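Listed below in C-alpha cells is the structure:
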C-alpha cells in the first residue's frame, strides 16, 4: 500500500466531477428558466399595455364626442404597431417591415429606452432594439372597416425569442364597445 493506483484516482476524479457538474447544470437551467419567465412577464405586460392604450383612445373619443374608433383606423382590419410613448396621432403605424422579418412578423422589434424610466416603443435615437415584437389588430364586429359597428375585438400578439429557445408568443384579446 504505497499509494493510489491509477484506477482509484480516475474513479475519485469522476466522482468529484459528477459532484460539481450536477449543481452547475441545475444552476444554469435555473438561470435560463428565470430569464424566460422574465421575458414572458414583459411580453404579457407589453400586450396589456397596448390594450389599455387602445381603451384610453376609445374613452377619449367618447369624451370628445368623436367616432369611437377615431385614431385607431391604422389597426382596423390590419396588423399594426402601437407605441404608447407617442401622442395618439403618432402612436399607430401599419406593419410594413419588408427588410427583416423578426419571427416571421412584418412589424419591427420594439425598442427600449432605459435612461428615463424604462419605456418600450418605436426605435428612436439612443433606444436599443429588444427581442419583442408587438402586433395589434382591431376587428370590428360584425364586419371590418364599418365605422357604425358597436363592438370590436382587439388582439395583441407579442413574439419573442429567449436565447436559443423556440420563438414564443403571448396573445391577449379584449372586446371593446361603443358606449
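Residue numbers (my numbering): 92 to 270.
Don't be surprised by glycine CBs; every beta carbon is placed ideally from N, CA and C.
This one's a predicted model, so the numbers in the text were calculated from it and none came from an experiment.
Top-ranked residue by Cα proximity to residue i, from the options
i, options, result
"residue 162", "181, 154, 168 and 176", "181"
"residue 177", "194, 157, 145 and 187", "145"
"residue 266", "233, 216 and 249", "233"
"residue 223", "270, 124, 102 and 200", "200"
"residue 247", "134, 211 and 188", "134"
"residue 197", "125, 257 and 170", "170"
"residue 257", "109, 131 and 114", "131"
"residue 243", "104, 262, 152 and 268", "268"
"residue 172", "108, 255, 229 and 109", "229"
"residue 167", "155, 156, 186 and 154", "186"
"residue 179", "204, 205, 152 and 156", "152"
C-alpha gap between residue i and residue j, whole angstroms
i, j, result
"residue 106", "residue 112", "10 Å"
"residue 202", "residue 260", "17 Å"
"residue 218", "residue 99", "58 Å"
"residue 141", "residue 227", "8 Å"
"residue 119", "residue 253", "14 Å"
"residue 184", "residue 251", "20 Å"
"residue 136", "residue 129", "11 Å"
"residue 122", "residue 160", "44 Å"
"residue 241", "residue 165", "18 Å"
"residue 212", "residue 109", "47 Å"
"residue 126", "residue 149", "35 Å"
"residue 86", "residue 114", "Outside the displayed range of the chain (92 to 270) lies residue 86, so it cannot be described from this structure."
"residue 97", "residue 104", "11 Å"
"residue 221", "residue 195", "16 Å"
"residue 147", "residue 188", "27 Å"
"residue 231", "residue 139", "19 Å"
"residue 117", "residue 210", "33 Å"
"residue 214", "residue 205", "13 Å"
For residue i, the residue or residues it bridges with in DSSP
i, result
"residue 212", "202"
"residue 248", "226 and 262"
"residue 242", "232 and 268"
"residue 220", "202"
"residue 184", "172"
8 Å Cβ cutoff, residue i in contact with chain D
i, result
"residue 199", "In the structure shown, chain D does not exist; there is a single protein chain."
Buried/exposed call for residue i, threshold 16 Cβ in 10 Å
i, result
"residue 193", "buried"
"residue 270", "exposed"
"residue 264", "exposed"
"residue 190", "exposed"
"residue 102", "exposed"
"residue 174", "buried"
"residue 225", "buried"
Residue i Cβ short of 7 Å to the ligand GDP heavy atom set
i, result
"residue 267", "You won't find the ligand GDP in this model; it holds no ligand whatsoever."
| Secondary structure, beta strand (DSSP E): runs of 3+ residues fully inside the stretch 112-182 | 170-173
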